[in-house]
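Contents: one structure, followed by commentary.
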Amino acid sequence: MSFTEMWLAAASSLRASPLRTFLTMLGIWIGVASIIIIVAMGQGGQKAVISTIASTRLQNTIQILPQEIVEPGLPQPGQVLSFQTSDLQLAQQFSGVASVSYSLYGQATVGYHSHTLNASVQAGPAYLNDLAHFTVISGHMFTSTDVLAHRQVALVSQSLAGQLFGHESPIGRVILVGGYPLQVIGETISSQFDLMSRFLGSNYLYLPSTTCRDLFPWWGISEMDVQVSPGASVGQVSQRLVTALNIHAHNAQAFEDASGLWLGLEQTVRKVSTILTLTIGSVAGIALLVGGIGVMNIMLVSVTERTQEIGIRMSLGATRRAVLLQFLTEAVMITTGGGLLGVVLGVGASASIRWFTGFPASVSWQAAGVGFLFSMVIGVACGLYPANKAARLNPIDALRYE
Amino acid sequence: MGGTQTVTGDCALIEVSHLDKVYSVGDDKVTVLQNINLTVRAGEFVSIMGPSGSGKSTLMHILGCLDVPSRGQYQLHGQAVESLTPWELAHIRNQEVGFVFQNFYLLPRMTALRNVELPMVYAGISPVDRRRRASELLHQMGLSDRFQHRPNTLSGGQKQRVAIARALANNPSVLLADEPTGALDTKTGEEIMGMFQALNQGGVTVVVITHDAKVAHYARRTVHLLDGKIVGEEDLR
Ligand SMILES: Nc1ncnc2c1ncn2[C@@H]1O[C@H](COP(=O)(O)OP(=O)(O)OP(=O)(O)O)[C@@H](O)[C@H]1O
Ligand SMILES: [Mg+2]
Chain F
695 MSFTEMWLAA ASSLRASPLR TFLTMLGIWI GVASIIIIVA MGQGGQKAVI STIASTRLQN
755 TIQILPQEIV EPGLPQPGQV LSFQTSDLQL AQQFSGVASV SYSLYGQATV GYHSHTLNAS
815 VQAGPAYLND LAHFTVISGH MFTSTDVLAH RQVALVSQSL AGQLFGHESP IGRVILVGGY
875 PLQVIGETIS SQFDLMSRFL GSNYLYLPST TCRDLFPWWG ISEMDVQVSP GASVGQVSQR
935 LVTALNIHAH NAQAFEDASG LWLGLEQTVR KVSTILTLTI GSVAGIALLV GGIGVMNIML
995 VSVTERTQEI GIRMSLGATR RAVLLQFLTE AVMITTGGGL LGVVLGVGAS ASIRWFTGFP
1055 ASVSWQAAGV GFLFSMVIGV ACGLYPANKA ARLNPIDALR YE
Chain Z
924 MGGTQTVTGD CALIEVSHLD KVYSVGDDKV TVLQNINLTV RAGEFVSIMG PSGSGKSTLM
984 HILGCLDVPS RGQYQLHGQA VESLTPWELA HIRNQEVGFV FQNFYLLPRM TALRNVELPM
1044 VYAGISPVDR RRRASELLHQ MGLSDRFQHR PNTLSGGQKQ RVAIARALAN NPSVLLADEP
1104 TGALDTKTGE EIMGMFQALN QGGVTVVVIT HDAKVAHYAR RTVHLLDGKI VGEEDLR
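Residue numbers (our numbering), protein chains in the order written: chain F, 695 to 1096; chain Z, 924 to 1160.
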């Protein structure tokens, strides 16, 4: 009996009870699909976080931060929390440094007519959109001149604009921030999947750094952004500059280059998300195993129900091997069918999640392949016992079975 | 092996000597067949007669290698069956024996044509060849217009003719029929027996099991079975 014929025979016998076949497939189907979806979500989440971290490190730019104390909580005595103006001046004169700017972060109330809202303020140089990852969708970004001139301009995030101005264009409107009037010159959206906005909300206000200093002189400068001159080594400049700043602050651990921090963070994110994916993935694996037991159960029922058929086939010359293969093929067909549907559902669901929520779920073809192969293996593993049971029947007992 | 036509008249096809069949039911041992000695030559038409429970079906199952004897020897085509492996027994059922049962035992989900093809599937015959042969046989049985019918859309007589076609598929050495007319009315039963007779005249060895004397009369030789023992034999022609 050829391979094709065996598959056709198995298919026709599965077609005889379509509902049962479908329900048996369901376990495998859901198991394989959930493995694919979980891996897609896990890897997608990991990629999103890491790309957020990675893209924060801009070409030829050094981001220097006050060094984090390992134990979070209250500031330690002597801990440096922000940059002084003299730190900026020092950096400005440093060899290999093209320009120095700084960023500030804080919360402020934003008023427009009778509305008052809380927003996260991010202030920085003219390339703040790269540092803070946003795209201007209408209007324009503030320029270096705006920064130098302390212009009272601002960009608002789409959600903030919506809440303040409704459906009307925000461009040109004057809002009150910390009591000062600012003119809105642009509207922004996040340029990548923004994990943080899920927790912090997405009301952002972007200002030139100088303007922000005028408005909130008591805010510390929390980040120094140094552009390295063309030809100078970013690593060397960073190392020497951090040392010089530390000496200036009389504190060996005052500042650090953010890239070290990002690397550590990246590793942690990778580790955590891999562990999570494996944990949830193995739960899905258990689902697949339960599905396999379902297949075994149905095959056992099927062998019992079809005992007389087996007897008839044996009376016509079916060998044990033929009977074994018949039932094994049916089991493998159920699980392979389930696996195939699982791949389709898993890939489809991952794509839909990406499409509808913007979460960068990334389908892993390895996960799909492994899920599919695993479904075949489960078919063999769980079909073997019932199939063997069928094959070992005594011909006359099978024939006389009622 | 196989082709009945190649076997000459006097060669012993089935040779059973001192055969016993004992079943154990719980602690009891039930002797169903006792000291059976039987020879069937190629080309013969033999009927085995006896009342219900006398062991006719049991004997037929042993003759067809569906079951094994408890004691004694059975040689089919000169081959001692006791020493064969399950694989070899399956091969014999496929090639040497064609079964016809009282309840037809057709596979319900398959068409008449597929049912007839089945023994040839297990013989490894190509789809084209076995389709041709199955069509031929169904045609021969007068079922030319019933190829695609499933068993539940066939009459009893038609089902039995499909079963006979299936039994003949691999050109067996012997046709073993267990009460082939038992589920049919008198007229259809006569038709079926006529078919066996015609097949026998064409050279096929036939063993028919029955409790009906009229059916037994189609055979040239009748063996009487009572309580698991052969109690007599008569040559009718
Ligand atoms: N597996 C078994 N275990 C125990 N006893 C059995 C078994 N199979 C058959 N028998 C017994 O063997 C005896 C003969 O059975 P068999 O089926 O051969 O009778 P039969 O002559 O074909 O009868 P009928 O004409 O009613 O078909 C019966 O008494 C039956 O109870
Ligand atoms: Mg019987």
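A virtual CB, placed ideally from N, CA and C, is assigned to each residue, including glycine.
Using only CA atoms, which one of F:710, F:718, F:703 and F:1013 lies nearest to residue 1073 of chain F? Against the first sequence, residue 1073 of chain F aligns to sequence position 379. Here the closest residue by C-alpha is F:718.
Would you mind reading off the limits of the beta strand (DSSP E) that contains residue 1035 of chain F? Walking along the first sequence from the start, residue 1035 of chain F turns up at place 341. Taken as a continuous stretch (DSSP letters only), residue 1035 of chain F belongs to no beta strand (DSSP E), being part of the alpha helix (DSSP H) at 1014-1051.
Helix, strand or coil at residue 1002 of chain Z according to DSSP, with G and I counted as helix: Residue mapping note: residue 1002 of chain Z aligns to position 79 of the second sequence, counting from 1. Strand at residue 1002 of chain Z.
Grouping DSSP H, G and I as helix and E and B as strand, with all else coil, what is residue 997 of chain Z? As a first step, residue 997 of chain Z is located in the second sequence; it is residue number 74 there, counting from the start. In the three-state DSSP reduction, residue 997 of chain Z falls in the strand class (E or B).
Using the Cβ count rule (16 or more neighbours within 10 Å means buried), how would you classify residue 1010 of chain Z? Numbered from its first residue, the second sequence carries residue 1010 of chain Z at position 87. With fewer than 16 other Cβ atoms within 10 Å, it is exposed.
What distance in whole Å lies between the Cβ atoms of residue 1090 of chain Z and residue 1021 of chain Z, which are believed to be in contact at a cut-off of 8 Å? Position 98 of the second sequence, counted from the start, is the residue given in the question as residue 1021 of chain Z. Position 167 of the second sequence, counted from the start, is the residue given in the question as residue 1090 of chain Z. The distance from the Cβ of residue 1021 of chain Z to that of residue 1090 of chain Z is about 3 Å, consistent with a contact at the 8 Å cut-off.
For residue 941 of chain Z, is the beta carbon positioned less than 8 Å from some heavy atom of ligand 1? In the second sequence, the residue the question calls residue 941 of chain Z occupies position 18. Checking the Cβ of residue 941 of chain Z against ligand 1 gives no.
Closer than 7 Å, Cβ to Cβ, to anything on chain F: give me those residues from the segment 1025-1042 of chain Z, in chain order. 1028, 1030, 1032, 1041 and 1042
Please compile the residues from chain Z whose C-beta is within a distance smaller than 8 Å of the C-beta of residue 710 of chain F. Mapped onto the first sequence, residue 710 of chain F falls at position 16. Those within 8 Å of residue 710 of chain F in chain Z are 1032.
List the DSSP bridge partners of residue 804 of chain F. Against the first sequence, residue 804 of chain F aligns to sequence position 110. Per DSSP, F:811 and F:871.
Using a cut-off of 7 Å between C-beta atoms, extract the partners of residue 1001 of chain F located in chain Z. If you number the first sequence from 1, residue 1001 of chain F lands on position 307. Those within 7 Å of residue 1001 of chain F in chain Z number zero; the least Cβ separation is about 13 Å.
Restricting to runs no shorter than 3 residues, where is the beta strand (DSSP E) found entirely within the segment 811-866 of chain F? 828-833 and 847-851
Looking only at its own chain, which residues have a Cβ that is under 7 Å from the Cβ of residue 1011 of chain F, when we skip the five neighbours before and after it? Within the first sequence, numbered from 1, the residue matching residue 1011 of chain F stands at position 317. Nothing meets the Cβ criterion.
Identify whether residue 929 of chain Z lies in helix, strand or coil by the three-state DSSP scheme. Residue numbering aside, residue 929 of chain Z sits at position 6 when the second sequence is read from its first letter. Confidence at residue 929 of chain Z is low in this model, with a pLDDT of 45, below 50, so its placement is unreliable and the value that follows should be read with caution. Three-state result, residue 929 of chain Z: helix.
Would you list, in chain order, the members of the segment 1002-1025 of chain F that have their beta-carbon closer than 9 Å to a beta-carbon of chain Z? 1002, 1003, 1005, 1006, 1007, 1008, 1009, 1010, 1011, 1012, 1013, 1014, 1015 and 1016
Tell me, which residues are paired with residue 1100 of chain Z by DSSP? Start at 1 with the first residue of the second sequence, and residue 1100 of chain Z comes out as number 177. Answer by DSSP bridge pairing, in chain order: Z:1023 and Z:1131.
Per DSSP, the bridge partner or partners of residue 964 of chain Z: Numbered from its first residue, the second sequence carries residue 964 of chain Z at position 41. Per DSSP, Z:935.
Any idea what DSSP makes of residue 1144 of chain Z, helix, strand or coil? Mapped onto the second sequence, residue 1144 of chain Z falls at position 221. Reduced to three states, the DSSP call for residue 1144 of chain Z is strand.
Going along chain F in order, which residues have a C-beta closer than 7 Å to the C-beta of residue 990 of chain Z? The residue you call residue 990 of chain Z lines up with position 67 of the second sequence. Simply 1090.
Is the number of C-beta pairs between the segment 975-986 of chain Z and the segment 1142-1158 of chain Z that are closer than 8 Å three or more? Verdict: yes, contact present.
Taking all protein chains shown into account, do 16 or more other C-beta atoms lie within 10 angstroms of the C-beta of residue 977 of chain F, making it buried, or fewer, making it exposed? As a first step, residue 977 of chain F must be located in the first sequence, where it is residue number 283. So residue 977 of chain F ends up on the exposed side.
How about residue 1048 of chain F and residue 1056 of chain F: do their beta carbons lie closer than 9 Å? Here residue 1048 of chain F refers to the residue found at position 354 when the first sequence is read from its first residue. Here residue 1056 of chain F refers to the residue found at position 362 when the first sequence is read from its first residue. For residue 1048 of chain F and residue 1056 of chain F, yes; Cβs fall inside 9 Å.
Would you say residue 864 of chain F and residue 858 of chain F are within 9 Å of each other, going by their C-beta atoms? Your numbering for residue 864 of chain F matches position 170 in the first sequence. Your numbering for residue 858 of chain F matches position 164 in the first sequence. A contact, by the Cβ cut-off of 9 Å.
Would you check if there are 3 or more beta carbon pairs closer than 8 Å linking the segment 1121-1135 of chain Z to the segment 941-955 of chain Z? no
Strictly by DSSP, which residues pair up with residue 945 of chain Z? Translated into positions along the second sequence, residue 945 of chain Z becomes position 22. Z:954, per the DSSP bridge assignment.
Cα-Cα separation between residue 829 of chain F and residue 816 of chain F, rounded to whole angstroms: Here residue 829 of chain F is taken as the residue at index 135 of the first sequence, counted from 1. Here residue 816 of chain F is taken as the residue at index 122 of the first sequence, counted from 1. Rounded to the nearest whole angstrom, the CA to CA distance from residue 829 of chain F to residue 816 of chain F is 14 Å.
Would you say residue 1102 of chain Z touches ligand 2, meaning its beta carbon is less than 8 Å from a heavy atom? As a working note, residue 1102 of chain Z is residue 179 in the second sequence. Distances taken from the Cβ of residue 1102 of chain Z to the heavy atoms of ligand 2 include one shorter than 8 Å.
Taking three-plus beta-carbon pairs below 8 Å as touching, is the segment 1076-1084 of chain F in contact with the segment 981-994 of chain F? yes
Residues in the same chain with beta-carbon distance under 8 Å from residue 1030 of chain Z, minus the five sequence neighbours each way, listed in chain order, please. Taking the first residue of the second sequence as 1, we reach residue 1030 of chain Z at position 107. Contacts found: 1037, 1038, 1041 and 1074.
Do residue 913 of chain F and residue 800 of chain F have their beta-carbon atoms positioned less than 9 Å apart in this structure? As a first step, residue 800 of chain F is located in the first sequence; it is residue number 106 there, counting from the start. As a first step, residue 913 of chain F is located in the first sequence; it is residue number 219 there, counting from the start. Against a cut-off of 9 Å, the Cβ pair of residue 913 of chain F and residue 800 of chain F comes out as a contact.
Alpha-carbon spacing of residue 924 of chain Z relative to residue 720 of chain F, whole angstroms: Indexing the second sequence from 1 puts residue 924 of chain Z at position 1. Indexing the first sequence from 1 puts residue 720 of chain F at position 26. Any reading at residue 924 of chain Z must be qualified, since the residue scores a pLDDT of 42, below 50, and its modelled position is unreliable; the value itself is stated next. The alpha-carbon atoms of residue 924 of chain Z and residue 720 of chain F are separated by roughly 49 Å.
Taking only beta carbons into account, state which residues of the segment 1052-1085 of chain Z come closer than 7 Å to chain F, listed in chain order. none
Pairs of beta-carbons, one from the segment 826-843 of chain F and one from the segment 894-913 of chain F, closer than 8 Å: are there three or more? yes
Spatially closest choice to residue 1085 of chain F from F:997, F:759, F:1068 and F:1051, by CA coordinates: Locating residue 1085 of chain F in the first sequence gives position 391, counting from the first residue. Nearest C-alpha to residue 1085 of chain F: F:997.
Check the C-beta distance from residue 915 of chain F over to residue 759 of chain F and give it rounded, since I have them as a contact under 8 Å. Taking the first residue of the first sequence as 1, we reach residue 915 of chain F at position 221. Taking the first residue of the first sequence as 1, we reach residue 759 of chain F at position 65. Wrong, their Cβ atoms sit about 10 Å apart, outside the cutoff.
Is residue 1132 of chain Z near ligand 2, in the sense that its beta carbon is under 8 Å from a heavy atom of that ligand? To locate residue 1132 of chain Z, count along the second sequence from 1; it is residue 209. A distance criterion of 8 Å places the beta-carbon of residue 1132 of chain Z in contact range of ligand 2, judged by its closest non-hydrogen atom.
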